[in-house]
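Enquirer:
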Amino acid sequence: MSCSTLVGVTGSGGAYAARWLHWGGDPKPIMPPLRRIWQHTFARHTLPMTEALLRHDWVTLDPAVTRASRRHGGPPVAGVGYATDLQGGIRRGRVDETAQGYLEWMYLIDVATDTVLVYEATCHSRWLRRSQHPLDPASAGRVVGCGGYTDHGHRWDTARLWLPDARAGLDAEVCLAAHPHGAAVIRFTDATAHAITAATTPTTPTQGEPGRQAPWLRSVGTEFDLMWADRRAPRPYRLRRDADGLLLLEADVPGRSWRLLTAPAEGMGR
């Protein structure tokens, strides 16, 4: 049946951007096509998937659609579904605000964690969070950092990231919300990431050998991997990007000697 639904992406502090989906409803019929679109159409790349979803209002989501498909009366978008003929534009808001119009469900994809947050509109037109679903079911139960969000959204505070022997801190932000484990969750720009890479990349072969615990950052095209040595070989951890395009560091890495100070405390503890 038709249930007026929004599908989109999370933002900072509970913000969202979404498009209208005509044939929506509860997670049972919606999550399977979302997962297939993510896995097969976009090869598990979440950001381009959300960009595609935000280009159109939708009649239905269907990963089996081709350019030659003709159903539901709307233009086909290969590998995603059928768009509507009438486009209402991107809807922006916050999950703590009143739902605008007659809406029943909302699916928000967190790019940083490859998860889908499901909200249901109450009889008072308030968004009530119902469930959370990983795009990759095999990753269920694996929580890194704060999971890319908290019940009340991120609480970012300006901070400075200090590397060993550094004379100045690097621009960063730290999440002050409660996390599933004690590791600090921070985010920063590409400029800060390049500075960390330049300062921490091993300059001699022995620095990257197993048993050396000091982690380092390496650039891989436009992305960045956090590296640290285990017993056999250096292990990479790909930094994810949040809805603002900033890099998230949410892994509790052994031996990390980087210090984090809030901005007003700059200059202390050098």
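Residue numbers (this note's numbering): 3 to 272. Where is the CB? At the ideal position from N, CA and C, for every residue including glycine.
1. Do you know whose CA, among 167, 196 and 157, lies nearest residue 173's CA?
2. Can you have a look at residue 20 and say buried or exposed, based on whether 16 or more other CB atoms are within 10 angstroms of its CB?
3. How do the stretch 77 to 94 and the stretch 58 to 69 stand: do at least 3 beta-carbon pairs fall below 8 angstroms, yes or no?
4. By how many angstroms is the C-alpha of residue 11 removed from the C-alpha of residue 260?
5. Going by beta-carbon coordinates alone, are residue 176 and residue 250 separated by less than 8 angstroms?
6. Measuring CA to CA, which of 124, 117 and 86 is closest to residue 103?
7. Write down every uninterrupted run of the beta strand (DSSP E) in the stretch 66 to 118 whose length is 3 residues or greater and which is fully enclosed by it, in chain order.
8. In the DSSP output, what is residue 133 paired with across the bridge?
9. If I measure Cβ to Cβ from residue 198 and keep anything under 6 angstroms in the same chain, skipping five residues before and after, which residues do I get?
10. Mapping DSSP to helix, strand and coil, what is residue 27?
11. Can you check DSSP and say which residues form a bridge with residue 53?
12. What three-state label does DSSP hand residue 14 in the structure shown?
13. From residue 165 to residue 229, what distance separates their C-alpha atoms?
14. What are the boundary residues of the beta strand (DSSP E) that residue 160 is part of?
Expert: With the given structure in hand:
1. 196
2. buried
3. yes
4. 31 angstroms
5. no
6. 124
7. 83 to 85, 93 to 96 and 107 to 112
8. 120
9. 219
10. coil
11. DSSP, once it has assigned bridges, lists no residue as partnering residue 53.
12. helix
13. 15 angstroms
14. From DSSP, the beta strand (DSSP E) with residue 160 extends over 158 to 164.
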